[in-house]
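J.:
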Amino acid sequence: MGVKPKKLWDEAALQWLKEKEYDKKSIQDDISRLRNLPQLRGIFLDELNRETIMAVVEKLPCGNSTKNRYLALIRAILYKARDEWLWLDEVPKLKLYKEPGNRIRWLKPDEAHRLIDALPDNFWRQMAIFSLCTGLRQSNVFGLKWEQVDLDKRIAWIHPDEAKAARAIGVPLNQTAVQVLSERAGIHTTYVFTNSVNNPICGLDSRVWERSLKKAHIENFRWHDLRHTWASWLVQSGVPLLALKEMGGWEKLDMVMRYAHLATEHLQSHADILDTMHTLDTKWTHFKTKGQKEKA
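Be aware that the sequence shown starts at 1, since it is given in the UniProt record's numbering, and climbs by one per residue.
Following this line, the structure appears as structure tokens:
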């Protein structure tokens with residue numbers, strides 16, 4: 001086995017982004033996650049052991065599912081360094097965190113208002129409002145271009161190569177979403193949302209996000225949960241699950257069924273049947289009467 005070149009983690013991360021720039025739909029997520037791993041910078045690849053990596057990921061202010069996304073990215077880069085770039089002999093075995101099944105975290109309207117008010121009154125607040133109005137994924141919002149928007153027809157669209165299900169998504173825009181886009185008009189010729197120096201948004205600033213959550217007294221909430229909130233609100237407002245599936249660009253109906261428990265109106269009449277049962281009503285009346293006598 002030949003001598004491997006001494007390469008830093010920084011070089012591997014940069015090489016990964018160069019290779020995946022045009023063929024990975026979630027490249028913006030990768031950029032954001034790599035920015036949140038400054039502790040790995042300056043470390044040679046052959047010095048990156050399991051203990052070092054797990055210690056860095058453990059300190060991230062996020063849940064187990066998100067931590068596993070970080071571990072998956074780190075592992076993928078290290079595998080590339082070993083198998084294709086020939087920069088590394090061995091990849092440390094990383095133990096994934098236990099994840100809860102089908103996690104659904106959404107905000108009530110008053111909580112959402114608190115979060116919006118807590119965010120900086122700039123592009124961060126605008127992007128959060130737009131996300132709550134459209135349900136678009138983080139990468140689709142951050143990378144949205146004006147060529148994907150028609151304000152007159154009140155519609156936006158996500159190209160197949162930008163969609164998780166690899167098919168085009170038509171996004172109807174409500175009045176609030178249109179207002180956000182109107183406020184952004186003329187700021188940048190290509191991108192809808194840009195940062196304070198008018199550059200494209202590379203990823204979520206975890207410091208801004210965590211600070212805003214703390215100010216709003218909201219815990220255990222990710223940016224992606226804005227999409228869950230959008231879907232939950234629609235279902236609770238009576239939007240059919242099939243319509244939600246199309247609006248959200250989900251590939252399979254079972255991905256939408258996790259919101260089904262929020263729509264119980266069609267079951268209410270069945271639950272009310274128990275109120276009409278004479279025997280149950282008699283027993284309930286007897287129970288209440290008996291309890292009142294005992295208190296007396």
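Ideal Cβ placement from N, Cα and C applies to all residues, glycine included.
If you compare alpha carbons, which of V171, S139, R167 is closest to L151?
T.: V171
J.: Specify, as a first and last residue, the run of the beta strand (DSSP E) that V171 falls within.
T.: 169–172
J.: Are at least three pairs of beta-carbons, each pair with one atom in the stretch 47–58 and one in the stretch 211–228, less than 8 Å apart?
T.: Counting Cβ pairs under 8 Å, fewer than three are found: no touch.
J.: Which residues in the same chain have their Cβ closer than 8 Å to the Cβ of G249, if we skip the five residues on either side of it in sequence?
T.: I158, A163, K164, A165, R167, I169
J.: Beta carbon of D30, beta carbon of K18: below 8 Å?
T.: no
J.: Beta carbon of F123, beta carbon of T194: below 8 Å?
T.: yes
J.: Looking at A13: is its Cβ nearer than 8 Å to the Cβ of I53?
T.: no
J.: Going by the CB atoms, is the gap between N68 and L96 shorter than 8 Å?
T.: yes
J.: Taking S212 and L119 to be in contact with their CB atoms under 8 Å, please state how far apart those CB atoms are, rounded to whole angstroms.
T.: 5 Å
J.: Looking at K245: is its Cβ nearer than 8 Å to the Cβ of V235?
T.: Taking 8 Å as the Cβ cut-off, K245 and V235 do not qualify as a contacting pair.
J.: Please go through the same chain and pick out, in chain order, the residues whose beta-carbon is closer than 7 Å to the beta-carbon of K98, but skip the five residues on each side of it.
T.: Cβ contact annotation for K98 (same chain, cutoff 7 Å, sequence separation greater than five): N64, in chain order.
J.: Identify every run of the alpha helix (DSSP H) within the stretch 109–154, keeping only runs that are complete inside it and at least 4 residues long; order them along the chain.
T.: 109–118, 123–134, 138–142
J.: Return the Cβ separation of W223 and V192 in integer angstroms, given the expectation that the two are a contact with Cβ distance under 8 Å.
T.: Their Cβ separation, rounded to whole angstroms, is 17 Å, which puts W223 and V192 out of contact at 8 Å.
J.: Check whether chain D comes within 8 Å of L132, counting only Cβ atoms and requiring the distance to be less than that.
T.: This model lacks chain D altogether; it includes just one protein chain.
J.: Compare the C-alpha of P5 against each of C62, I273, W85 and name the closest.
T.: Of all alpha-carbon atoms in C62, I273, W85, the one lying nearest the alpha-carbon of P5 is that of W85.
J.: Just the C-alpha distance for R50 and I155, rounded to the nearest angstrom, thanks.
T.: 47 Å
J.: S269: buried (16+ other C-beta within 10 angstroms of its C-beta) or exposed?
T.: exposed
J.: Tell me the DSSP secondary structure of Y22 in three-state form.
T.: DSSP places Y22 in coil when its eight states are reduced to three.
J.: Look up P200 in the DSSP assignment and say whether it is helix, strand or coil.
T.: strand
J.: Which residue marks the beginning of the alpha helix (DSSP H) containing H224, and which one marks its end?
T.: For H224, there is no enclosing alpha helix (DSSP H), as DSSP marks it with neither H nor E.
J.: Tell me whether the beta-carbon of L241 lies closer than 8 Å to the beta-carbon of L253.
T.: Yes, Cβ-Cβ distance for L241 and L253 is below 8 Å.
J.: If you run the structure through DSSP and keep just helix, strand and coil, what is L86?
T.: Of the three classes helix, strand and coil, the one that applies to L86 here is coil, per DSSP.
J.: Quick one: which unbroken alpha helix (DSSP H) runs of 4-plus residues sit fully inside the stretch 22–64? Chain order, please.
T.: 27–35, 50–58
J.: Under 8 Å by Cβ, that's how I've got R82 and V91 pegged, so tell me the actual separation to the nearest angstrom.
T.: 5 Å
J.: Count the other C-beta atoms from every protein chain shown that fall within 10 angstroms of the C-beta of R184, then say buried if there are 16 or more, exposed otherwise.
T.: R184 should be labelled buried.
J.: Between W9 and R41, which are expected to be in contact by the criterion C-beta below 8 Å, what is the C-beta distance as a whole number of angstroms?
T.: So it is a contact: roughly 6 Å between Cβ atoms.
J.: Less than 8 Å between the beta carbons of S237 and Y259, yes or no?
T.: no
J.: Count the other C-beta atoms from every protein chain shown that fall within 10 angstroms of the C-beta of G186, then say buried if there are 16 or more, exposed otherwise.
T.: exposed
J.: Taking Q138 and V180 to be in contact with their CB atoms under 8 Å, please state how far apart those CB atoms are, rounded to whole angstroms.
T.: That belief does not hold up - the Cβ atoms of Q138 and V180 are roughly 16 Å apart, past 8 Å.
J.: Looking only at its own chain, which residues have a Cβ that is under 8 Å from the Cβ of G143, when we skip the five neighbours before and after it?
T.: Q28, E162, Y191, P200, I201
J.: With a Cβ-Cβ cutoff of 8 Å, do S32 and G203 count as a contact?
T.: For S32 and G203, yes; Cβs fall inside 8 Å.
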